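In the working numbering, the protein residues as written are 196 to 243.
For reference, the structure discussed in these notes is given below.
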C-alpha cells in the first residue's frame, strides 16, 4: 500500500509495532513509538 499511498508508511509501521502485522512490499518496517524494552506487540491479544 505504501507505493500507492506514501502517507500510509507511518501508519503501517505503527500497526506493525502495535499488533505485529507485516505488510507486503513495505520497504522498512521498524519500531517508532516505544522503547526497545517494551513488549514486542503490546496490543496483540492471545499471543502468550
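For each residue, glycine too, the CB sits at the ideal point set by N, CA and C.
As the structure is a computational prediction, the values presented were derived from the model and not from experiment.
- Query: Exposed or buried, what is residue 235 when buried is set at 16 or more other beta-carbons lying within 10 Å of its beta-carbon?
  - Reply: exposed
- Query: Taking the Cβ atom as the reference point for each residue, do residue 216 and residue 225 lie within a distance shorter than 8 angstroms?
  - Reply: no
- Neighbourhood of residue 222 by C-beta distance below 6 angstroms, restricted to the same chain and skipping five residues each side: none
- Query: DSSP state of residue 214, grouped into three classes?
  - Reply: helix
- To which residues of the same chain is residue 207 closer than 6 angstroms at the C-beta, ignoring the five residues directly before and after it? 218 and 221
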